[in-house]
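Below is one structure, written out as structure tokens, with a few remarks after it.
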Amino acid sequence: MSVETLHKVILHPFIQESLASLKAMTGLDGYAGDPFIDQVEDFRFKGYAVCSDMTGQLDGVVLMHHYEETAVAVGQAVQQALVGECNINGELDEDLIAALAEWGNTIVGRATHMLQKHNLGFEFASPHVALDLQDMGPYLLGVKEIVTVPVHIEDAGRYYFNLLVRDANQDAELAPVDNISDAYLIPPPTEGTPVPKDALIMSVDDSSLIRRAMHRLLTEMGYTNIITADDGDSAIETMKTHKPDFVFMDVVMKRLNGDDALAQMRELDAATPIVMLSSVTDSNTIERCKTLGAHGFVFKPLNADSGKQVLASYLVV
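Position one of the sequence shown corresponds to residue 1 (the UniProt record's numbering), numbered consecutively onward.
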């Protein structure tokens with residue numbers, strides 16, 4: 001496959017999603033430069049990266065790659081948009097890394113969903129964060145070619161998308177994918193009664209940043225009775241103890257994923273509305289959640305501009 005094909009088919013959806021998510025989550029504008037070939041021996045780790053292995057028509061890695069100062073600027077903007085405050089010490093601390101991971105997972109999740117939906121013969125692993133060359137090392141093994149596209153952000157620097165190619169099907173004929181992925185994977189109800197403002201709502205996410213963001217959005221909507229859980233296991237226990245009226249739950253979590261928690265929660269309670277939120281998913285997970293009776297399934301992020309509208313569309317029974 002040529003550089004043009006690799007760029008237009010594989011990298012283009014990632015770049016488009018990154019620009020759309022950048023605008024939606026931070027208000028920042030950016031634009032992509034022209035693709036070029038990087039020499040493998042000259043490749044240097046820049047300070048922060050989100051990596052996703054891919055297999056199928058191409059064996060390699062999609063890499064979203066930042067200079068540290070750009071990562072800090074974007075992370076601060078994401079934090080500000082999600083929770084109304086940001087870390088100003090200029091270092092990649094735990095909170096900034098969580099904000100960047102949310103942005104990166106959103107981009108990778110939406111782009112890979114779009115590519116898989118078009119049945120182009122690519123499979124992607126869940127994204128991982130690399131903070132140093134040691135983290136990055138395994139992804140560089142066996143790489144023969146690197147396609148790079150710079151993305152410039154107004155007043156914040158630039159980041160890069162790298163496609164690290166180990167092997168490719170030279171005979172593959174692939175058409176470009178230009179669509180931005182769907183926002184609603186299970187659409188909201190078309191009718192119903194709004195959930196009362198004093199209802200007990202549970203928010204489940206293993207990211208403290210996202211729990212704070214959800215609490216902020218729900219509070220601004222007038223909901224005052226909010227509880228949280230930090231993984232699927234604690235969500236199940238909290239449901240047994242507190243019996244919430246409504247649940248928002250992330251899918252990908254460290255100890256027990258949301259779809260597995262949903263299955264166990266449905267054994268306890270078949271009626272409570274449970275909306276799944278995720279930036280990384282696949283069609284099998286969506287179908288499983290449908291079968292288990294999820295009230296909805298939404299692609300994150302839930303940003304300050306549209307988040308309340310999205311949540312309100314599902315907060316009906």
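Ideal Cβ positions, reconstructed from N, Cα and C, are used throughout, including at glycine.
* **Alpha carbon of ASP95 to alpha carbon of ALA130, nearest angstrom** => C-alpha separation (whole angstroms): 16 Å.
* Residue ranges of each alpha helix (DSSP H) within the region 223-270, 4 or longer -> DSSP runs (the alpha helix (DSSP H)) wholly in the region 223-270: 232-242 and 258-268.
* To do: Quickly, what does DSSP pair ALA130 with across the bridge? List them, please.
  => ALA130 is bridged to ALA49.
* Go through the region 18-99 residue by residue and report every complete run of the beta strand (DSSP E) that reaches 3 residues or more, in order. => Within the region 18-99, the runs of beta strand (DSSP E) that reach at least 3 residues and sit entirely inside it are, in chain order, 30-32, 36-38, 47-56 and 58-67.
* Asked: Should LYS144 go down as buried or exposed, given a rule of 16 or more other Cβ atoms within 10 Å for buried?
  -> Result: exposed.
* From ASN119 to THR112, what distance separates their C-alpha atoms? -> For ASN119 and THR112, the distance between alpha carbons rounds to 11 Å.
* Where ASN89 and THR272 are concerned, what is the direct C-alpha to C-alpha distance, given to the nearest angstrom? -> Going from the Cα of ASN89 to the Cα of THR272 covers about 42 Å.
* **Given GLY30 as reference, the closest of PRO194, ALA125 and VAL151 once Cα atoms are compared** => Closest option to GLY30, Cα to Cα, is VAL151.
* To do: List the residues that DSSP assigns as beta-bridge partners of ASP155.
  => None, per the DSSP bridge assignment.
* 8 Å contact criterion, which MET25 and VAL83 should meet: CB distance rounded -> Not a contact, Cβ separation roughly 12 Å.
* Whole angstroms is fine: what's the gap from ASP53's alpha carbon to LEU11's? => One C-alpha to the other measures close to 13 Å.
* How about THR148 and ASP38: do their beta carbons lie closer than 8 Å? -> Against a cut-off of 8 Å, the Cβ pair of ASP38 and THR148 comes out as a contact.
* Reducing DSSP to helix, strand and coil, say where PRO189 ends up. => Reduced to three states, the DSSP call for PRO189 is coil.
* Look at the Cβ atom of MET64, then the Cβ atom of VAL74, and state whether they are nearer than 8 Å. => Cβ atoms of MET64 and VAL74: not closer than 8 Å.
* the region 97-115 / the region 293-302 touching (three or more Cβ pairs under 8 Å) -> The region 97-115 vs the region 293-302: in contact.
* Asked: When you compare each of ASP155, GLN264, GLY137 and THR241 to VAL61 by their alpha carbons, which one comes out closest?
  -> Ranking the options by Cα distance to VAL61, first place goes to GLY137.
* Considering only residues of the same chain and omitting the five flanking positions on each side of GLN76, which have a CB-CB separation below 6 Å? -> Correct list, in chain order: CYS86.
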